[in-house]
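Trainee: All the letters of the sequence shown, read from the start, carry residue numbers 25 to 779 under my numbering.
In this text, a Cβ means the ideal position worked out from N, Cα and C, and glycines have one as well.
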Amino acid sequence: MSAIPNADLLSDLTAAQSEAVTHGEGPLLVLAGAGSGKTRVITRRIAYLLRQGVRPGSILAITFTNKAAREMRHRVDAMMPGCPVWVCTFHSLGARLLRQYADRLGLDRHFTIYDQDDRHRIIKTALEAANIDNVRYTPEGIQAAISKAKNQLLRPAAYSAKAEDYFERIVAGVYPLYEKRLRDANALDFDDLLLWPALALKQDAELQAELDARFLYVLVDEYQDTNLAQYAIARGLSSAHPNLFVVGDPDQSIYKWRGSDLRNILDFERDFPQARTITLDRNYRSTKCILHVASELIAHNRQRKPKTLQTENPTGTPVTVLTFETAQDEAEGIATRIRQAAEKGRRYRDMAVFVRTNALSRNLEATFVRQRVPYQIVRGLAFFERKENRDVLAYLRLLLNPQDDLSFLRAVGEPARGIGKTSVTHLQAYAEPRSISLLEAAAHADEIPAIKGKAAKGLKEFAQLFRNLRPLAEATPDEVICQVLNQSGYRKMLESGADPEDQERLANVEEMITAARQFAKEDASNTLSDFLESVTLSSDLDGWDEQQDCVSIMTLHSSKGLEFPMVFIVAVENGLLPHERSLSEAQRTGKAEDLEEERRLAFVGMTRAKEELFISRARMRDYRGRILYTIDSMFLGELPEEGVAWIDESGQASRSTAAFDRWREPKTTAWPERLDDDILSRARPAPVSQHASAQEQAAGGYTEGMLVRHDQYGVGKITEVRGTGGLRRVRVRFKMAGERTFVADKARLAIVTSQ
């Protein structure tokens with residue numbers, strides 16, 4: 025391929041972006057601030073390499089979501105049509121490599137990829153087999169521990185050798201049982217898609233050299249979110265040819281709970297001493313006001329690479345912090361503002377509401393319905409999680425992988441074939457000592473004395489069904505699904521069903537045919553295996569319809585990589601943002617690492633906003649079955665005076681001023697090495713308590729430093745307690761009303777929490 029002039033690739037780039045795009049050989053770290061055009065830099069870099077004569081097959085670009093990968097592929101194709109560069113997620117790369125090198129790694133290339141629900145079921149059976157109490161040691165907890173071990177490249181034996189406490193020893197006992205069940209079913213879980221390639225690159229020198237020579241240029245997006253396994257893959261592919269081009273921002277690392285290691289980007293120059301570093305500090309997304317407020321917040325973190333984000337965008341309106349009396353008032357206030365914005369011409373799809381946890385969306389959903397605000401919840405591919413669609417997916421998985429007993433157990437019962445639990449138990453008892461799959465055992469059902477009549481006939485017919493379907497496995501995904509629906513009787517079951525919902529279920533499974541057909545059209549080489557893989561590896565954003573004119577409600581984590589003209593971040597309260605787990609961990613260890621991640625999460629949410637940003641909190645919140653008096657998020661106390669408007673709509677006061685009189689920690693550029701217990705003790709919301717009795721008050725129920733709530737003045741802090749008996753006085757400093765003194769016996773003060 026001859027070189028093509030690159031002027032058109034560079035003409036609209038800044039000097040820093042152009043320098044990154046035209047970087048020569050060797051490792052490069054691109055510190056890309058929020059909204060600084062990192063996708064443009066990565067895709068232009070790929071086009072630049074292609075125009076320099078680099079073969080498409082020698083370039084590998086890795087990102088974290090299917091949506092980001094699709095966007096990158098589209099941009100590259102628009103600049104360099106007909107150049108099939110690998111642009112994929114880490115997990116899809118792992119799946120592709122494992123299928124390609126399956127024989128070499130001792131795998132069957134038709135392996136099934138188990139999702140979270142499948143993993144949960146496997147671990148539950150492993151716990152039962154080990155006779156371990158699954159109430160005290162939940163499948164979720166065990167699963168999380170095994171996932172963490174795999175992300176740290178620890179297989180069962182290595183994990184067992186490192187197990188220290190009792191829980192880890194329990195996990196060490198379950199881990200090998202879990203792995204055996206995966207191998208028996210010819211299945212891998214999500215973490216295996218990273219673990220297996222990472223270990224192969226470390227342990228198989230020949231394979232590592234082959235792949236290193238194959239991918240001469242490796243580009244990794246969102247490098248700050250890589251875990252140890254992903255780090256090992258990136259390094260393993262960049263050994264002899266260390267042309268590793270990584271893009272990321274330590275200020276946007278928000279996946280520690282998923283195993284990401286911030287040190288991967290902070291220590292990049294140490295890992296690659298010859299590396300260059302280029303900083304992209306021009307923000308194209310947000311107004312000056314939004315950028316200033318977000319930058320002031322994130323400056324309180326210690327673990328970061330300082331940079332000053334700049335923008336040529338307008339100053340814009342102040343960031344607005346809203347205070348409501350209750351969570352219901354909060355939802356009503358947000359819905360009203362959204363409707364007013366729509367009436368002034370803003371599209372609903374230009375607005376988004378971010379929550380820290382999905383549970384916080386309930387009030388919003390109910391209120392939006394009542395106020396007729398169109399919305400969508402961005403919460404994964406719910407379409408493929410519907411029962412009827414999971415049933416069909418089980419058929420497809422079993423067709424490709426006859427050893428997949430989990431899929432067998434789901435498919436064999438839908439539609440009903442007269443096969444009950446007792447018959448399945450007998451079938452399992454027959455299959456296990458013979459080391460055969462349940463599908464293979466079903467073909468011999470008439471040889472099992474304990475299985476008779478209709479059950480034996482149903483099992484034989486089920487096995488025959490898959491013998492008939494097997495030649496179709498290489499057909500297009502949509503054609504396979506059509507045949508499965510017809511030959512299995514699933515379509516007929518829904519068409520003749522008496523349940524009124526059956527027609528909707530039929531529409532859903534037929535819509536799956538459409539999804540498969542569209543998937544095949546994207547790439548003529550896409551197979552049924554590729555379709556199943558795309559469904560299993562999909563993320564929250566893959567279920568998001570960005571063209572639908574409705575408000576998007578999503579978690580702060582899901583908002584990563586998106587942008588909206590108008591953004592609301594709700595429930596900015598201690599215990600929610602920052603989350604209670606982070607507060608507890610900070611108090612336990614005295615370190616700020618988890619709180620810094622929560623601050624990064626808030627920063628990510630704030631920098632999604634282009635024009636208007638609203639941050640809200642409620643004085644009282646009904647959450648997870650408890651009514652709580654809330655405490656302002658410590659992050660609110662870190663916002664700057666300038667550029668912020670504070671509006672209290674709780675009915676206790678009304679004030680809109682950047683000089684809002686609130687308690688603030690002294691502004692510092694970083695947290696101390698160990699957090700002050702005083703800071704943390706005031707960070708937690710407390711259940712609404714009954715007013716203390718006069719006797720309790722007289723006995724010292726009120727103490728200095730305690731937070732209390734007054735019906736008229738709101739939450740205040742006790743600054744002085746003096747006197748005894750009926751003369752006992754309590755002085756309280758309120759945010760809005762200043763200091764007030766009360767007779768303790770007669771004060772209507774509810775204790776919120778104490779230090």
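1. DSSP on VAL594, reduced to helix/strand/coil?
2. According to DSSP, is MET658 part of a helix, a strand, or is it coil?
3. In whole angstroms, what separates the C-alpha of TYR308 from that of ASN337?
4. Express the C-alpha separation of ASP428 and ARG499 in angstroms, rounding to a whole number.
5. In angstroms, rounded to a whole number, what distance separates the CA positions of ILE505 and LEU420?
6. Only counting runs of 4 or more residues, tell me where the alpha helix (DSSP H) segments fall wholly within the stretch 376 to 405, in order along the chain.
7. Taking only three categories from DSSP, how would you classify HIS98?
8. From the DSSP output, in three-state form, read off ARG764 for me.
9. Evaluate ASP618 with the Cβ neighbour count: other Cβ atoms within 10 Å of its Cβ, from every protein chain shown; 16 or more gives buried, anything less gives exposed.
10. Identify whether SER640 lies in helix, strand or coil by the three-state DSSP scheme.
11. Could you tell me which residues DSSP pairs with CYS112 in its beta bridges?
12. If you draw a straight line from the alpha carbon of ALA92 to that of ARG641, how long is it in whole angstroms?
13. Helix, strand or coil for ALA253? Go by DSSP, reduced to three states.
14. Which class does VAL242 belong to by DSSP, given the choice of helix, strand or coil?
15. Under the three-state reduction of DSSP, which class applies to LEU261: helix, strand or coil?
16. For GLU744, which residues does DSSP report across the bridge?
17. What separation, rounded to the nearest whole angstrom, lies between the Cα atoms of THR311 and PHE588?
18. Hey, quick one: how far does the alpha helix (DSSP H) through ARG64 stretch, first residue to last?
19. Check the C-beta distance from ARG632 over to LEU586 and give it rounded, since I have them as a contact under 8 angstroms.
20. Do you know how far the Cα of HIS265 is from the Cα of GLU389?
21. Assign SER576 to one of three DSSP states: helix, strand, or coil.
22. Output needed for SER553: all residues of its chain with C-beta closer than 8 angstroms, excluding positions within five of it in sequence on either side, in chain order.
23. Exposed or buried, which one is THR560 when buried takes at least 16 other CB atoms within 10 Å?
24. With a CB to CB cut of under 7 angstroms and the five nearest residues on each side skipped, what residues in its chain are close to CYS313?
25. My understanding is that ASN267 touches VAL244, with C-beta atoms under 8 angstroms, so please give their C-beta distance in whole angstroms.
26. Name the two residues that bound the continuous alpha helix (DSSP H) containing GLU438.
27. Is the separation between the beta-carbon of PHE432 and that of LEU462 shorter than 8 angstroms?
28. Kindly indicate which residue of LEU225, THR303, TRP220 has the alpha-carbon position closest to the one of ALA56.
29. Are the beta-carbon atoms belonging to ASP213 and LEU223 less than 8 angstroms from one another?
30. Assuming LEU96 and ILE66 make a contact with CB atoms under 8 angstroms, what is their CB distance in whole Å?
31. Of all the alpha helix (DSSP H) runs that stay within the bounds of the stretch 164 to 217, which reach a length of 4 or more residues?
32. Along the chain, where does the beta strand (DSSP E) containing HIS784 start, and where does it finish?
33. Of the residues ALA365, GLN364, THR360, GLU356, which one's Cα is nearest the Cα of ASN387?
34. Given 8 angstroms as the limit, is there contact between the stretch 177 to 189 and the stretch 97 to 117, that is, 3 or more CB pairs closer than that?
35. Spatial neighbours of ALA197 within its chain, please: C-beta separation below 6 angstroms, excluding the five flanking residues on both sides.
36. Assuming ASP275 and ARG624 make a contact with CB atoms under 8 angstroms, what is their CB distance in whole Å?
Mentor: Let me lay it out:
1. Here VAL594 carries a coil assignment [DSSP, helix/strand/coil].
2. The answer is coil: DSSP assigns MET658 none of H, G, I, E or B.
3. So the alpha carbons of these two residues sit roughly 7 angstroms apart.
4. Residue 499 is actually Ala in this sequence, not Arg. The straight-line gap from Cα to Cα measures roughly 21 angstroms.
5. Approximately 8 angstroms, taken between the alpha carbons.
6. Complete alpha helix (DSSP H) runs here, min 4: 385 to 394.
7. Helix.
8. Three-state DSSP puts ARG764 in a strand.
9. Around the beta carbon of ASP618, a 10 Å sphere encloses 16 or more other beta carbons of the protein chains shown; the residue is thus reported as buried.
10. Three-state result, SER640: strand.
11. Answer by DSSP bridge pairing, in chain order: ILE86.
12. Whole-angstrom Cα-Cα distance: 32 angstroms.
13. Of the three classes helix, strand and coil, the one that applies to ALA253 here is helix, per DSSP.
14. Three-state DSSP puts VAL242 in a strand.
15. For LEU261, the three-state secondary structure derived from DSSP is coil.
16. ARG755.
17. Whole-angstrom Cα-Cα distance: 12 angstroms.
18. Its alpha helix (DSSP H) spans residues 62 to 75.
19. Rounded to whole angstroms, the Cβ separation of ARG632 and LEU586 is 6 angstroms, and the two are in contact under 8 angstroms.
20. So the two alpha carbons sit approximately 52 angstroms from each other.
21. Residue state for SER576 is assigned as strand, using DSSP reduced to three classes.
22. Exclusion of the five residues before and after SER553 leaves ARG123, HIS134, LEU424 as the residues of its chain whose Cβ lies within less than 8 angstroms of its Cβ.
23. Its Cβ being crowded by 16 or more others within 10 Å, THR560 is buried.
24. So the list reads THR339, GLY340, THR341, PRO342, VAL343, GLY667, once near-sequence residues are dropped.
25. Not really, about 12 angstroms apart at Cβ, beyond 8 angstroms.
26. For GLU438, there is no enclosing alpha helix (DSSP H), since its DSSP letter is neither H nor E.
27. Going by C-beta atoms, PHE432 is nearer than 8 angstroms to LEU462.
28. Nearest option by C-alpha distance: THR303.
29. No, the Cβ-Cβ distance between ASP213 and LEU223 is not below 8 angstroms.
30. Checking the sequence shown, residue 96 turns out to be Met, not Leu. Confirmed, about 7 angstroms.
31. Taking only runs of at least 4 residues, the alpha helix (DSSP H) segments lying wholly in the stretch 164 to 217 are 180 to 186, 190 to 208.
32. Here the chain has residues from 25 to 779 only, and residue 784 is not among them.
33. For ASN387, the closest alpha carbon among the candidates ALA365, GLN364, THR360, GLU356 is that of GLU356.
34. Result no; under three Cβ-Cβ pairs closer than 8 angstroms.
35. Here the sequence assigns Gly to residue 197, which means Ala is not the residue at that position. So the list reads ALA154, once near-sequence residues are dropped.
36. At roughly 6 angstroms, the Cβ-Cβ gap stays under 8 angstroms, so ASP275 and ARG624 are in contact.
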